Amino acid sequence: MSRKVVGGLVGGLLLLVMAANMPAHHNITGKFDPARTRTLRGVVTKLDWANPHVHILMDVADGKSVTNWAVELESTLDLEKSGWNLNTLKPGDEITVQGMLARNGSSQIWGDSVVLANSNKRVLNVSDAARAAWLPVANLPSRPVPRWPDGKPRLGPPPGEKGYWGRPSLTSLMENGANVQTNAHGLLRNIADVDKVAPFQRWARDLYEYRQRSFLKDDPLFLYCKPPGAVRLFQQPYGMQFLEDKNFGRVFLVEGGGSHLWHFIYTDGRPQTGEVRGNADNPLYYGNARGSWEGDTFIVDSKMFNEKFWFSNGGLPHTEQLHLIERFTRTDFNTLKYEVTVDDPGAYTRQWTGGWNLQWVPEDLPTYYCQDNRP
Amino acid sequence: MFGRSLRLFCLLSCLLVAAPALAQEGHPAKGTWVGYWGPTTTQQNRLVVVLDYDGKNLSGTVNPGPNAVPIKMARLDIVPGTPPPKPGDLVGEPTFKVRIEVDGKDVKGNPITIVADGTMEQVGLPIRMLAGTWTQTSGGKTEKGQFRIRLQ
């Protein structure tokens, strides 16, 4: 085997490994093909510094013709955390881009590497610090659980402080005890593990496998900025926040990314209401949620979800019969233990339970928006 | 002329915006499907098929309203797609087959039977298609043709 071939194979393998560990907030291999890479040299025509993803538009000359390529990069949030901004590139800058080509054959490429030709400086890459910002931090200093005057744990910050819950220890839902590895987006490392994830009905299993084998390319969260309803709210890289409104017996849950949607959990004892197909009191993507306390654990009973979203990373199907019992326990200042029991006789053969931990991030919710602005 | 163009623009805009808003990510066959069936491309009949899934079975109605006929049996069979040719490639689209059987009375009280065998297209997208063969017997007359319906 020639050195060139070996080099190519090693390079391809490295690219695959890199792609699997990329910090992208969604699974880019559904759109871009790790097995097809290309290097482009051309001139910047525009830097589109916008959510959900930054894009460079560049003219690439190929013989007599010039093609305008779209180079897709990480979110504004990740790039700003890495020290870049909308002035990092200007129209007329000559750059070299290397990355994965779009699977659909269009002139789109994922910008694994962007290098300024005149200085050979790499730009618009995500720094290690920015990458680490969304991952759990080890050995945080211990503090007691903050409490309300009535003795119940606070799910939000103590007075005068700020913070939100993020950095989930697990970003895909699977039945407790399942020995299954996924990437940050819920994509199985081994497709043969499909049956270990949950007790699927046949149609749900086959649909889940199809979504997995398609690298989650049809995920409505990323295609149309659909809300991360149900369990998925607690798997998001940009976190979520509890705002406890004791006076009115309700808790707001606010999403850190996406479209910053919020919904209520009522704690005033009112009965479950609403209709599956929606009414003024039915948030649809988050179900009708009722909360109560059992000791230091906040228990949320939610039902009447619609079917317009994926309720977990990785594409687990659900039906309108989905009924969730979620248990939130702030085990110390920095840790929120999340446990969920899934009861959906429309998609699963029995009830099942999963869970993970969230970590306290003593900052404001990130400023990131995903909105479907296409005409 | 301007008003007509504006109306057309508004209609198209609504359709484009509505497409993702009407996504159905649960059971792939569930929902209201609208289209046509007919023995030839020029002889086409309006067709509305409403399918629901209760967790065990599909049920529903063909042409709800005055001409409604209940579905006797509907079934979804998913045949997995071909494995990817090499790691990193997309898997072949699985085949989502739907069979619908109707055995009832038409609007005139005549016995009617329908057997439809269809295959879904672009199952992963909110607006998917179901197309295949349609065989209908009513009033002693059997007609065969093709149907093509789209999830609303």
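Taken in sequence, the protein lines are chains Z and V. Counted from 1, the first sequence has number 68 at position 68 by my numbering; the numbering is strictly sequential. Counted from 1, the second sequence has number 517 at position 142 by my numbering; the numbering is strictly sequential. Glycine included, C-beta positions come from ideal geometry on N, C-alpha and C. Keep in mind the model is a prediction, meaning the values are calculated, not measured.
Secondary structure remark: continuous beta strand (DSSP E) runs of at least 3 residues inside the stretch 483 to 511 of chain V, in chain order: 486 to 496.
Contact with chain Z is found for V:Q399, since one of that chain's Cβ atoms lies less than 8 Å from the residue's Cβ. By the rule that beta-carbons nearer than 8 Å mark a contact, Z:T319 touches chain V. Contacts between V:Y428 and chain Z, judged by CB atoms closer than 8 Å, involve T319, G346 in chain order.
Burial state of Z:A117 is exposed, judged by a 10 Å Cβ sphere holding fewer than 16 other Cβ atoms. Counting the other Cβ atoms within 10 Å of the Cβ of Z:A138 gives fewer than 16, which makes it exposed.
Residue pairing for Z:H323: DSSP places it in a beta bridge opposite Z:K303, Z:D343. For V:E476, the enclosing beta strand (DSSP E) starts and ends at 470 to 480. By the 16-neighbour rule on beta-carbons within 10 angstroms, V:K519 is exposed.
Where Z:L223 is concerned, the enclosing alpha helix (DSSP H) starts and stops at 220 to 223. Across the structure, Z:R143 and Z:G257 are spaced so that their CA atoms are roughly 27 Å apart.
Between Z:W110 and Z:G99 the beta-carbon gap is near 4 Å, inside 8 Å, which marks them as a contact.
Interface annotation, V:L505: not in contact with chain Z, CB-CB separation never under 8 Å. The three-state secondary structure of Z:R350, taken from DSSP, is coil. In this structure, the CA atom of V:D492 is about 15 Å from the CA atom of V:G410.
Boundaries of the beta strand (DSSP E) harbouring Z:D245: 240 to 245, taken from the DSSP string. Annotation: Cβ neighbours of V:L451 in chain Z (cutoff 7 Å, chain order): W203. Residue state for Z:D93 is assigned as coil, using DSSP reduced to three classes.
Of all residues in the stretch 172 to 184 of chain Z, none has a C-beta nearer than 7 Å to a C-beta of chain V.
Across the set Z:F200, Z:K64, Z:V194, Z:K308, the C-alpha of Z:F200 shows the shortest separation from the C-alpha of Z:W352. The C-alpha of Z:N27 is placed about 28 Å away from the C-alpha of V:Q527.
Taking a beta-carbon distance threshold of 8 Å, V:P439 does not count as an interface residue toward chain Z. Of Z:N51, Z:N104, Z:V115, Z:G92, the smallest CA-CA separation from Z:L40 is found for Z:V115.
Nearest to V:G401 by alpha-carbon distance, out of Z:R290, Z:Y368, Z:D62, Z:R211, is Z:R211. Using a Cβ-Cβ cut-off of 8 Å, Z:D206 is close to I453, P455, P469 of chain V, given in chain order. When CB distances to chain Z are screened at a threshold of 7 Å, the residues of the stretch 467 to 500 of chain V falling below it are P469, G499, L500, in chain order. Where Z:Y210 is concerned, the enclosing alpha helix (DSSP H) starts and stops at 202 to 213. At least one CB atom of chain V sits nearer than 8 Å to the CB of Z:A35. Taking 8 Å as the cut-off, the Cβ atoms of V:V490 and V:P469 do not count as close. Per DSSP, the unbroken beta strand (DSSP E) holding V:D452 starts and ends at 444 to 454.
DSSP, read as helix, strand or coil, puts Z:A70 in strand. As summarised for the stretch 112 to 168 of chain Z, the continuous beta strand (DSSP E) elements at least 3 residues long and confined to that stretch are 113 to 116, 164 to 166, given in chain order. With a contact defined as Cβ atoms closer than 8 Å, V:T508 and V:T517 miss out at about 13 Å.
For Z:M58 and Z:L89, the gap between their C-alpha atoms comes out near 11 Å. Against chain Z, the CB of V:K461 has a partner CB under 8 Å away; the residue lies at that interface. Taking the beta carbon of Z:W310 as reference, the chain V residues within 9 Å of it are E400, listed in sequence order.
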